[in-house]
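Participant:
Residue numbers (UniProt numbering), protein chains in the order written: chain A, 1 to 333; chain B, 1 to 333.
See the structure below:
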């Protein structure tokens with residue numbers, strides 16, 4: 001294992017400390033319990049949004065804390081859910097009196113711990129709603145999941161729900177738009193190489209020199225099949241086919257296309273993927289009107305990518321375009 | 001070689017096409033000759049800035065084309081200088097009547113081809129100045145260089161000179177501030193793994209399972225020494241020592257600290273590097289008042305990082321903070 005780390009057991013604490021120091025204009029870190037929160041939290045009268053989960057997917061979720069997106073992020077150990085305690089503390093920290101939305105990726109540990117935290121926060125008088133993201137079309141159940149996994153679509157849910165909260169929508173409305181984004185986004189990923197969890201020290205799985213895994217999860221958990229390496233365009237075809245089959249995309253539909261790097265794949269490759277994905281969608285009469293290309297929900301240094309397609313409506317588009325000021329996404333005011 | 005590419009000889013063209021499609025609100029691509037240019041170029045009465053060099057360092061330079069930074073970027077083949085033709089074409093495309101600044105990383109091919117292009121543009125009546133960046137303290141001469149290499153500091157030169165051009169500074173003034181940034185920035189890098197140039201298909205060098213290269217270049221060219229892997233904090237100490245020794249940093253100095261990923265190293269590690277770098281500088285009485293952390297000048301999928309330290313003055317700080325709207329750097333406005 002070759003990593004720029006010190007003691008593996010301090011990776012998350014040290015990284016969060018560096019992150020908070022680098023972005024002190026936007027966020028503050030609480031160290032015990034560990035969470036990252038908007039410097040201006042709580043925002044009075046506005047819905048607070050909390051997300052979180054195992055670390056190793058950076059910039060998710062800490063990089064999305066700030067104006068127009070998350071109120072707080074709760075990082076667990078690498079690839080391991082945070083316990084309820086820091087989730088409760090983060091929930092209290094962002095509660096401005098209008099309630100708190102939890103955005104939870106569908107993994108058993110995350111769902112359980114966020115549920116417990118929501119109950120504890122409710123017992124303290126905070127109104128909490130939860131939205132569970134499950135956009136991965138690759139597998140029905142998985143190693144850590146009952147039902148589909150929450151992957152790339154989570155980033156889009158967080159941006160759009162964050163914009164709704166920022167404009168002052170009520171808790172039920174913010175929850176409803178988060179649900180709507182999740183219901184309209186589908187994702188599929190591919191891995192070219194595995195990744196190494198620091199405290200494990202060994203790759204979480206192995207791939208042959210010429211082998212790739214189609215439908216990979218963001219923890220390296222199995223997907224649909226292992227095949228020999230193919231040209232990028234053929235891989236893009238394989239990723240898009242189940243997305244397009246999964247629910248009706250009508251010709252004339254406008255979409256947001258999100259090409260996400262798994263961490264170790266350079267931008268030069270992600271734009272090659274993007275180029276062909278636009279072509280494939282165009283052949284189906286689907287127009288890409290918004291996009292996101294880069295490393296936003298990663299699996300440490302894994303090489304690979306995922307493609308997410310979100311069916312947009314006017315409100316989602318407007319909320320996507322709304323200003324956002326976070327470490328990892330920044331536009332507008 | 002496992003990459004998300006099609007034919008290795010089309011990597012740059014296809015990637016630039018995807019890039020231009022994804023960022024059509026900011027840039028346009030010319031395909032023959034190949035360059036990326038601001039959609040609003042030429043900007044009348046303002047200095048145009050052109051940079052370029054071999055591809056494989058993305059987002060450098062195309063990701064920095066846009067309002068407040070570069071006017072155009074000229075990508076050569078992977079790790080290979082572009083020829084003078086596209087540089088001349090890009091120079092003409094950004095010439096708004098106030099002259100054009102070339103920002104050139106100090107590699108023999110780049111320097112030669114940008115010089116030829118400047119001569120050709122001058123013969124067509126365009127006033128051109130050139131600034132050659134050479135901020136890498138690792139080696140005096142290198143495989144592709146007479147003198148020091150231009151590395152991470154180039155990003156800072158491009159941002160600050162771009163802001164000067166955007167506020168309407170004359171050509172000599174934009175060149176002068178670019179020179180001043182280059183003179184005040186020092187960089188040193190480390191590689192944990194090599195990278196594979198697509199048309200070569202093999203790693204450009206090899207490193208043992210427990211070996212790292214201190215002082216690596218952005219093409220994988222040799223640095224100062226190979227040593228056994230150490231904890232991140234010890235590696236940061238090794239990178240900062242020659243930077244701090246290289247020119248006088250007085251106690252009380254304010255700096256911009258740039259922790260750059262080489263492409264394959266995840267953010268979680270870069271923030272661990274950032275955290276300790278701030279501590280080391282603080283011990284010397286040096287205060288980090290601005291920062292940049294992420295993958296900005298890369299070597300394909302190489303794992304590793306570089307640290308750049310820029311001595312700031314008030315004008316540089318103001319220009320750093322000025323609005324920028326590019327694919328890879330975006331703030332303000």
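Every residue gets a Cβ at the ideal spot worked out from N, C-alpha and C, and that includes glycine.
Closest to residue 26 of chain A by C-alpha separation, out of A:55, A:5, A:70 and A:58, would be which residue?
Facilitator: Nearest of A:55, A:5, A:70 and A:58 to residue 26 of chain A, Cα basis: A:70.
Participant: Within 10 angstroms of its Cβ, does residue 55 of chain A collect 16 or more other Cβ (buried), or is it exposed?
Facilitator: Classification of residue 55 of chain A: buried, given that the 10 Å Cβ count is 16 or more.
Participant: Which residues in chain B sit within 7 Å of residue 317 of chain A, going by Cβ to Cβ distance?
Facilitator: The contacting residues do not exist; residue 317 of chain A stays about 14 Å from chain B at best.
Participant: From the beta carbon of residue 296 of chain B, is the nearest beta carbon of chain A less than 8 Å away?
Facilitator: So, not an interface residue.
Participant: Please confirm if residue 401 of chain A has its CB atom under 8 Å from at least one CB of chain B.
Facilitator: With chain A running from 1 to 333 in the structure shown, residue 401 of chain A is simply not present.
Participant: In angstroms, rounded to a whole number, what distance separates the CA positions of residue 261 of chain A and residue 123 of chain B?
Facilitator: If you take the alpha carbons of residue 261 of chain A and residue 123 of chain B, they lie about 44 Å apart.
Participant: Below 7 Å on C-beta distance, what does residue 266 of chain B contact in chain A?
Facilitator: Result: 58, 263, 298, 300 and 301.
Participant: Report buried or exposed for residue 9 of chain A, applying the criterion of at least 16 other Cβ atoms within 10 angstroms of its Cβ.
Facilitator: Burial call: exposed.
Participant: Who does residue 331 of chain B pair with in a DSSP beta bridge?
Facilitator: According to DSSP, residue 331 of chain B bridges with B:324.
Participant: Cβ of residue 257 of chain A within 8 Å of Cβ of residue 282 of chain A?
Facilitator: Result no, Cβ atoms of residue 257 of chain A and residue 282 of chain A do not sit closer than 8 Å.
Participant: Taking residue 238 of chain A and residue 139 of chain A to be in contact with their CB atoms under 8 Å, please state how far apart those CB atoms are, rounded to whole angstroms.
Facilitator: That belief does not hold up - the Cβ atoms of residue 238 of chain A and residue 139 of chain A are roughly 15 Å apart, past 8 Å.
Participant: Is there contact here, the stretch 51 to 65 of chain B with the stretch 166 to 181 of chain B, by at least three beta-carbon pairs under 8 Å?
Facilitator: As far as the Cβ criterion goes, the stretch 51 to 65 of chain B does not touch the stretch 166 to 181 of chain B, which means the pair count is below three.
Participant: Any C-beta of chain B sitting closer than 8 Å to the C-beta of residue 203 of chain A?
Facilitator: No, no contact with chain B.
Participant: By alpha-carbon positions, which one of B:16, B:273, B:41 and B:245 ends up nearest to residue 348 of chain B?
Facilitator: Residue 348 of chain B lies beyond the range of chain B shown here (1 to 333); nothing can be said about it.
Participant: Between which residues of its own chain and residue 160 of chain B is the CB-CB distance below 8 Å, once the five residues before and five after are set aside?
Facilitator: So the qualifying residues of the chain are 177, 178, 181, 316, 319 and 320.
Participant: How is residue 18 of chain B classed by DSSP in three states: helix, strand or coil?
Facilitator: In the structure shown, residue 18 of chain B sits in a helix (DSSP, three-state: H, G or I).
Participant: For a quick check, are the C-beta atoms of residue 263 of chain A and residue 266 of chain B less than 8 Å apart?
Facilitator: Yes, they are a contact pair.
Participant: Of all the alpha helix (DSSP H) runs that stay within the bounds of the stretch 65 to 146 of chain B, which reach a length of 4 or more residues?
Facilitator: DSSP runs (the alpha helix (DSSP H)) wholly in the stretch 65 to 146 of chain B: 84 to 94 and 108 to 123.
Participant: For residue 75 of chain B, count the other beta carbons within 10 Å of its own beta carbon; 16 or more makes it buried, fewer makes it exposed. Which is it?
Facilitator: When all chains shown are included, residue 75 of chain B counts as buried.
Participant: State whether the stretch 303 to 311 of chain B contacts the stretch 187 to 202 of chain B, with contact taken as three or more CB pairs (one from each stretch) at a distance under 8 Å.
Facilitator: At 8 Å Cβ cutoff, the stretches touch.
Participant: Going by the CB atoms, is the gap between residue 156 of chain B and residue 222 of chain B shorter than 8 Å?
Facilitator: It is not a contact, given that the beta carbons lie outside the stated cut-off.
Participant: Skipping 5 residues on each side, what residues in its chain have a beta carbon closer than 8 Å to that of residue 78 of chain A?
Facilitator: Contacts found: 11, 12, 54, 55, 56, 197, 198, 199 and 300.
Participant: Cβ closer than 7 Å: which chain A residues qualify as neighbours of residue 269 of chain B?
Facilitator: Within chain A, the residues near residue 269 of chain B are 3, 4 and 5.
Participant: Could you confirm whether any beta carbon from chain A is found closer than 8 Å to the beta carbon of residue 331 of chain B?
Facilitator: Yes, its Cβ sits closer than 8 Å to a Cβ of chain A.
Participant: Run through chain A and tell me which residues come within less than 9 Å of residue 55 of chain B, C-beta to C-beta.
Facilitator: Within 9 Å Cβ-Cβ: 268.
Participant: If you measure from the beta carbon of residue 278 of chain A to each beta carbon in chain B, is any gap under 8 Å?
Facilitator: Yes, because at least one Cβ of chain B sits closer than 8 Å to the Cβ of residue 278 of chain A.
Participant: When you compare the CB of residue 194 of chain B with every CB in chain A, is at least one pair closer than 8 Å?
Facilitator: Judged by the 8 Å Cβ criterion, residue 194 of chain B is not in contact with chain A.
Participant: Check the C-beta distance from residue 21 of chain B over to residue 41 of chain B and give it rounded, since I have them as a contact under 8 Å.
Facilitator: Not really, about 18 Å apart at Cβ, beyond 8 Å.
Participant: Hey, is residue 96 of chain B's beta-carbon within less than 8 Å of any beta-carbon in chain A?
Facilitator: False, the Cβ-Cβ gap to chain A never drops below 8 Å.
Participant: Given a threshold of 16 other Cβ atoms within 10 Å of its Cβ, counted over all protein chains shown, does residue 284 of chain A qualify as buried or as exposed?
Facilitator: Exposed, since its Cβ has fewer than 16 Cβ neighbours within 10 Å.
Participant: In the DSSP assignment, what are the bridge partners of residue 189 of chain B?
Facilitator: Answer is B:306.
Participant: Output needed for residue 296 of chain B: all residues of its chain with C-beta closer than 7 Å, excluding positions within five of it in sequence on either side, in chain order.
Facilitator: Within the same chain, residue 296 of chain B has close Cβ partners 59, 60, 155, 260 and 328.
Participant: Output needed in chain order: residues of the stretch 10 to 35 of chain B with a Cβ under 8 Å from some Cβ in chain A.
Facilitator: Within the stretch 10 to 35 of chain B, the qualifying residues are 11, 12, 14, 15, 16, 17, 18, 19, 21 and 22.
Participant: Could you tell me which residues DSSP pairs with residue 29 of chain A in its beta bridges?
Facilitator: BP columns for residue 29 of chain A point to A:36.
Participant: Kindly say whether residue 291 of chain B, judged by its beta-carbon, lies nearer than 8 Å to any beta-carbon of chain A.
Facilitator: Yes, because at least one Cβ of chain A sits closer than 8 Å to the Cβ of residue 291 of chain B.
Participant: Please list the segments of the beta strand (DSSP E) lying wholly inside the stretch 172 to 258 of chain B, counting only runs of 3 or more residues, in order along the chain.
Facilitator: DSSP runs (the beta strand (DSSP E)) wholly in the stretch 172 to 258 of chain B: 185 to 191, 211 to 214 and 225 to 228.
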